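> For reference, the structure I am asking about is given below.
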Ligand code: C5P
């Protein structure tokens, strides 16, 4: 699995996004970027087309979760955007994940990577027990969801870098781990709780790190991105 750094474009408009990305113009390697709900809902599919046309690889982070037929049809539409990575909630069940794969696969058999969200990192053990009535330890739940995603034929999951090694042990080395919660050793943590450095994420076995504020809020975002690449990819 080719390791890479994905920059989370957590901006509210195309204007802000382009201002940020313009700094990378002329760089030898254009960053792999993540478009989440905020930017996608603000600007629609055109923002994806535009960034694709500029030459970025794209992770479209829309976290689909609905009945299998609806997800299958939504995935078929998203497949036309020709992004590199898409995701959905494993909580939608294996039937939903299988339907998603059917929907996203093009007539020639090609498709983007499809990865699952397990338990959100904002869900604590207590909330999971009280609100969702799931009584198992949360790390077991995450691994179980990862196994369900692998059984359904998905390519990988989003997880904490601290869990990436275990996920690979259980689901195989080729099962992709995409890990947010990355901070430089000398940087601000912000609202993330379980964080690790790009270097450590590499050591534990993450395949892709998703980095937002350490790059987007840096005084020199290009230098911060290069530092991530140097520490994570080497
Ligand atoms: O700014 P920061 O580096 O914390 O951004 C991390 C990105 O990864 C954000 O877009 C956030 O929504 C996303 N993310 C996360 N934890 C998850 C799933 C996604 O931080 N479990």
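In my numbering, the protein residues as written are 8 to 241. Backbone N, C-alpha and C fix where the C-beta goes; we use that ideal spot for every residue, glycine too. Please read these numbers as outputs of a predicted model, since none were measured by experiment.
Considering Cα atoms alone, identify which of 170, 67, 23 is closest to residue 93.
Of 170, 67, 23, the residue nearest in Cα terms is 67.
> Would you identify the three-state DSSP class for residue 76, choosing helix, strand or coil?
If DSSP states are grouped into helix, strand and coil, residue 76 belongs with the helices.
> Looking at the structure shown, is residue 66 part of a helix, part of a strand, or coil, going by DSSP?
Looking at residue 66 - three-state DSSP - the assignment turns out to be strand.
> If distances are taken between C-alpha atoms only, which option among 205, 184, 236, 221 comes closest to residue 15?
Here the closest residue by C-alpha is 221.
> Work out the CA separation of residue 124 and residue 95 for me, nearest whole Å.
So the alpha carbons of these two residues sit roughly 6 Å apart.
> I'd like to check one pair, residue 27 with residue 223: are the Cβ atoms closer than 9 Å?
Yes.
> Hey, residue 166 and residue 183 are a contact pair by Cβ (cut 8 Å); roughly how many whole angstroms apart?
About 10 Å; that fails the 8 Å criterion.
> Among 56, 227, 189, which has the Cα closest to the Cα of residue 201?
Measuring from the Cα of residue 201, the nearest candidate turns out to be 189.
> Using DSSP's beta-bridge definition, name the partner residues of residue 175.
Answer is none; residue 175 lacks a bridge partner.
> Using the C-alpha atoms, what's the distance from residue 119 back to residue 78?
C-alpha separation (whole angstroms): 15 Å.
> Mind checking who residue 11 pairs with in its DSSP beta bridge?
Beta-bridge pairing links residue 11 to 215.
> Check whether the stretch 30-43 and the stretch 52-68 are in contact - that is, three or more C-beta pairs closer than 8 Å.
Contact between the stretch 30-43 and the stretch 52-68 is present, because at least three Cβ pairs lie under 8 Å.
> Could you please give me the residues that DSSP links to residue 164 through a beta bridge?
Partner(s): 123, 184.
> Mind checking which residues open and close the alpha helix (DSSP H) that includes residue 46?
That run of the alpha helix (DSSP H) goes 44-50.
> Helix, strand or coil, according to DSSP, for residue 154 in the structure here?
Helix.
> Out of 160, 162, 157, 146, which one is the CA nearest neighbour of residue 173?
It is 146.
> Please identify the residue among 130, 80, 178 whose C-alpha is closest to the C-alpha of residue 199.
Closest option to residue 199, Cα to Cα, is 130.
> If I measure Cβ to Cβ from residue 209 and keep anything under 6 Å in the same chain, skipping five residues before and after, which residues do I get?
Taken in chain order, the residues that qualify are 239.
> Rounded to a whole number of angstroms, what is the C-alpha to C-alpha distance between residue 85 and residue 71?
Each residue's Cα considered, the two are about 11 Å apart.
> Please name the residue or residues paired with residue 39 in a DSSP beta bridge.
DSSP lists 13 as partners of residue 39.
> Cβ of residue 219 versus every heavy atom of the ligand C5P: is any distance shorter than 8 Å?
Within the cutoff, so yes.
> How is residue 236 classed by DSSP in three states: helix, strand or coil?
Residue 236 falls in the helix class under three-state DSSP.
> Considering only their Cβ atoms, is the gap separating residue 83 from residue 121 smaller than 9 Å?
Result no, Cβ atoms of residue 121 and residue 83 do not sit closer than 9 Å.
> With a 10 Å radius around its C-beta and 16 neighbouring C-beta atoms as the bar for buried, classify residue 48 as buried or exposed.
By the neighbour-count rule (16 or more Cβ atoms within 10 Å), residue 48 is not buried but exposed.
> Starting from residue 108, trace the alpha helix (DSSP H) in both directions and tell me its first and last residue.
100-111 is the extent of the alpha helix (DSSP H) around residue 108.
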